[in-house]
Structures are given as structure tokens and as C-alpha cells.
Amino acid sequence: MTRVGKHPVTVPQGVSVRLEGGQFYAKGAKGELQMAVMPYVDVNIDGDSVLVSTKSSIKRARQAWGSMRALIQNMVTGVNEGVSKTLEINGVGYRAAVKGKTLELQLGFSHPVLMDIPEDLSVEILGDRNNQIKISGISKQRVGQFASDIRIWRPPEPYKGKGVKYLGERLLRKEGKKK
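Numbering (the numbering used here), first residue to last: -12 to 166.
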């Protein structure tokens, strides 16, 4: 077991954290996030660090310990620097465009796929062939969920690699059929 929970979360300059009524708040240059504290753990703010400890030694408490620490780290990083994910579109005629607050994807269907961009996220199209989508925001969970929602429309297939994949993702490629 890695015991991620025992390491303190360092709060950088410009970020303020507070604990009120079972809610953890983080505020920084990019915005503010809040999250409910899990019932199995205690969160203590000590100057410029946040310590997470378990209330008991049951299995659920040990699981929540590391999860809560990781969620707090993601919040502090998000409000300070922001979070982004980049998707890459591969395929003939596959492309993306942002029109207002709507993301339009051409993924080989008979119709374009239209997705509303959430208010707290920003989407920009990169690449020389409009084949990269960069999603940015302050919440790692919201950025990852929206990226996953885009990817699920056309996951990469194993023979030619066509579809939507994360930038830098390695695909297991299969050999085509032989004569």
C-alpha cells in the first residue's frame, strides 16, 4: 500500500484554504472550488500545509484517507495553475470546431456531433488540421469527465488507430488479416 495520505499537501503562495462545516474550500488566482470532507477522515490546516488523517483503522477509512488527500491536492493545483487535457482526432475527414459555446465534431457519422461546452471549461482547437482539442478548467474532475464524454463518441480502433484519443496515449495496435 502506498500510504499517499500521510504526505501533507503544500499550499502555494496565492492560494487560501479553509474548512467550514464539513466543507473544504480552496481559492486561488484561477477561481474557487469546494468539496465535502469524507466522514472517515479528519482534515487539519497547519499554516501552509493540509494534513489528512484517518478517524479509525477500518478498511473504508484507509481508502478514504488517500482519496481525500489526492482530491485536496487536485483542488489546490487547479485553483493555482489550472488543469488541461488534450485530445487528438485521427481519421480521414475527422475534425473539430468550436462555434460559440458548442463543440462540433465530425467523426465519420452521417451528421456532426454537437456538444455543449460547460460554463466552467474552455475549449480550443489546435493543430494544423484542426485535429487536437485542448480542454482547460480549474476542476480536474470536470476536465477529465468532459474529455471522456468526447472520447466515448469514437474511441480509437486497434487496426488503423482512427478515433479520438488522449494526446500521448499509447494504443495496442493489431496486425491486419493476412492472405
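For glycine and all other residues, C-beta sits at the position ideal for the given N, C-alpha and C.
Going by C-alpha distance, which of 145, 156, 157 is nearest residue 163?
Within the sequence shown, numbered from 1, the residue matching residue 163 stands at position 176. Closest option to residue 163, Cα to Cα, is 145.
Flag this pair as yes or no: are the beta carbons of residue 74 and residue 140 separated by less than 8 Å?
Locating residue 74 in the sequence shown gives position 87, where the first residue counts as 1. Locating residue 140 in the sequence shown gives position 153, where the first residue counts as 1. No, they are not a contact pair.
Is the number of C-beta pairs between the region 10 to 18 and the region 62 to 69 that are closer than 8 Å three or more?
Enough Cβ pairs lie closer than 8 Å, so yes.
When the Cα atoms are used, what is the spatial distance from residue 56 to residue 45?
As a first step, residue 56 must be located in the sequence shown, where it is residue number 69. As a first step, residue 45 must be located in the sequence shown, where it is residue number 58. Computed Cα separation, rounded: 17 Å.
Taking DSSP as the reference, what is the three-state secondary structure of residue 72?
Looking up residue 72 in the sequence shown gives position 85. In the structure shown, residue 72 sits in a strand (DSSP, three-state: E or B).
Does the Cβ of residue 143 have 16 or more other Cβ atoms within 10 Å, making it buried, or fewer, making it exposed?
For the purposes of this step, residue 143 is taken as the residue at position 156 of the sequence shown. With 16 or more other Cβ atoms within 10 Å, it is buried.
In chain order, what residues of the same chain lie with their CB nearer than 8 Å to the CB of residue 108, ignoring the 5 residues before and after it?
The sequence position of residue 108 within the sequence shown is 121, counting from 1. So the qualifying residues of the chain are 122, 123, 124, 129, 130, 133.
Can you look up residue 57 in the DSSP assignment and give me helix, strand or coil?
On the sequence shown, position 70 is the one that residue 57 refers to. Residue state, collapsed to three classes: helix.
Can you say whether residue 169 is buried or exposed, counting buried as having 16 or more other CB atoms within 10 angstroms of its CB?
For residue 169 there is no data in the structure shown, the boundaries of the chain being -12 and 166.
Using CA coordinates, which residue listed in 72, 26, -4 is at the minimum distance from residue 155?
On the sequence shown, position 168 is the one that residue 155 refers to. Comparing Cα positions, the closest option is 72.
Where does residue 133 fall in DSSP's three states?
Within the sequence shown, the letter at position 146 stands for residue 133. Note: residue 133 maps to helix in three-state DSSP.
Check the C-beta distance from residue 78 over to residue 149 and give it rounded, since I have them as a contact under 8 Å.
Looking up residue 78 in the sequence shown gives position 91. Looking up residue 149 in the sequence shown gives position 162. That belief holds up - the Cβ atoms of residue 78 and residue 149 are roughly 4 Å apart, short of 8 Å.
Between which two residues does the beta strand (DSSP E) containing residue 109 stretch?
Here residue 109 refers to the residue found at position 122 when the sequence shown is read from its first residue. Where residue 109 is concerned, the enclosing beta strand (DSSP E) stretches over 109 to 113.
Tell me, to the nearest whole angstrom, how far the beta carbon of residue 53 is from that of residue -9; I am working on the premise that it is less than 8 Å.
The residue you call residue 53 lines up with position 66 of the sequence shown. The residue you call residue -9 lines up with position 4 of the sequence shown. Confirmed, Cβ separation roughly 4 Å.
Among the residues of its own chain, which have a CB less than 7 Å from the CB of residue 1, if the five just before and after it don't count?
Walking along the sequence shown from the start, residue 1 turns up at place 14. Result list for residue 1: 15, 16, 67, in chain order.
Cβ atoms of residue 112 and residue 104: under 8 Å apart, would you say?
Residue numbering aside, residue 104 sits at position 117 when the sequence shown is read from its first letter. Residue numbering aside, residue 112 sits at position 125 when the sequence shown is read from its first letter. Contact: no.
State the Cα-Cα distance for the pair residue 47 and residue 153, rounded to the nearest angstrom.
Residue 47 sits at position 60 when you count from the first residue of the sequence shown. Residue 153 sits at position 166 when you count from the first residue of the sequence shown. Rounded to the nearest angstrom, the two C-alpha atoms are 32 Å apart.
For residue 160 and residue 96, I'd like the C-alpha separation in whole angstroms.
Counting from one through the sequence shown, the residue named residue 160 turns up at place 173. Counting from one through the sequence shown, the residue named residue 96 turns up at place 109. Whole-angstrom Cα-Cα distance: 23 Å.
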